[in-house]
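Residue numbers (our numbering): 180 to 349.
Glycine is no exception: its CB is placed at the ideal position from the N, C-alpha and C atoms.
Written out below as C-alpha cells is the structure these notes cover.
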Ligand code: RP5
C-alpha cells in the first residue's frame, strides 16, 4: 500500500495539517508523520528523506512556518515529489514561509500549497498516488462529486432563503 511521508517542522504546526491527515486517513492512505526541523534536527530530516524508498513512501508532504526551509531541504535529499505547506503562525502570517517554499531555485522543485493549505496538500498527494491506483482515483472522483453536490445544495438553500424574503407577506 502506498504511503505518504509527512514531516512537520514543529508539533505546533500539527493543527494546520491535522485536517489533511484526516483526509488521507479517510481515503485509507497510510501516513508516517515525523516532527523534524531543517534547522534544529537536520540529520533527522535527511534520514527521513533518504530512507523513504525502503519504507514504501511515494510522496512527501512537508509542513513548516517562518523561514521554512524544510520542504526544500527534504527535496534536496530525494527525487520523490515533495509538497510544501506554509504555516501562518509567524509574525509575517505565513507570507515568509510561502515565499521560502515557493521560490525554490530551478533544479529542485517543491509543489507549494496555499498558506495553511493542509487539506489541499493531502488531496494533491492523493491525486499523485491515484495515477497508479484505480481505487484511489475512483474515491477521489467520488470526493469531488460529493463536494459538487454540497455546493448545489447550498445554492438551493440560499436561493430559497432569498425567495422567501422577496415574497411579500399577505
Ligand atoms: C518552524 O518554526 C516550524 O515549522 C514552526 O512553524 C515554527 C515555530 O516552531 P516552534 O518554535 O513552535 O517549535 O521551524
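Close-in-space but distant-in-sequence residues of the same chain around residue i (CB under 6 Å, 5 per side omitted)
{"i": "residue 199", "result": "297, 298, 300 and 301"}
{"i": "residue 212", "result": "185"}
{"i": "residue 216", "result": "188"}
{"i": "residue 249", "result": "188, 217, 241 and 243"}
{"i": "residue 251", "result": "283 and 289"}
Delimiting residues of the alpha helix (DSSP H) encompassing residue i
{"i": "residue 221", "result": "221-229"}
{"i": "residue 276", "result": "274-281"}
{"i": "residue 254", "result": "249-255"}
Neighbourhood of residue i by C-beta distance below 8 Å, restricted to the same chain and skipping five residues each side
{"i": "residue 197", "result": "297"}
{"i": "residue 292", "result": "262, 263, 264, 265, 299, 300 and 303"}
{"i": "residue 257", "result": "228, 229, 231 and 239"}
Helix, strand or coil at residue i [DSSP, three-state]
{"i": "residue 293", "result": "coil"}
{"i": "residue 261", "result": "strand"}
{"i": "residue 199", "result": "helix"}
{"i": "residue 184", "result": "strand"}
{"i": "residue 270", "result": "coil"}
{"i": "residue 243", "result": "strand"}
{"i": "residue 208", "result": "coil"}
{"i": "residue 302", "result": "helix"}
{"i": "residue 310", "result": "coil"}
Inter-residue spacing [alpha-carbon to alpha-carbon] between residue i and residue j
{"i": "residue 277", "j": "residue 318", "result": "30 Å"}
{"i": "residue 316", "j": "residue 219", "result": "38 Å"}
{"i": "residue 274", "j": "residue 235", "result": "33 Å"}
{"i": "residue 305", "j": "residue 347", "result": "50 Å"}
{"i": "residue 288", "j": "residue 344", "result": "52 Å"}
{"i": "residue 282", "j": "residue 247", "result": "11 Å"}
{"i": "residue 284", "j": "residue 255", "result": "11 Å"}
Start and end residues, beta strand (DSSP E) containing residue i
{"i": "residue 319", "result": "That residue, residue 319, is in no beta strand (DSSP E); its alpha helix (DSSP H) goes 313-345."}
Cutoff 7 Å; reference residue i; Cβ partners in own chain excluding five residues on either side
{"i": "residue 214", "result": "187, 189 and 190"}
{"i": "residue 237", "result": "181, 182, 259 and 308"}
{"i": "residue 193", "result": "187"}
8 Å Cβ cutoff, residue i in contact with chain C
{"i": "residue 343", "result": "In the structure shown, chain C cannot be found, because there is only a single protein chain."}
Discussion item. Does the region 180-194 come into contact with the region 208-224, if we say contact requires no fewer than three beta-carbon pairs (one atom in each stretch) closer than 8 Å?
Written reply: yes
Worksheet item: Okay, do the region 226-233 and the region 325-338 touch, 3+ Cβ pairs below 8 Å being the bar?
Response: no
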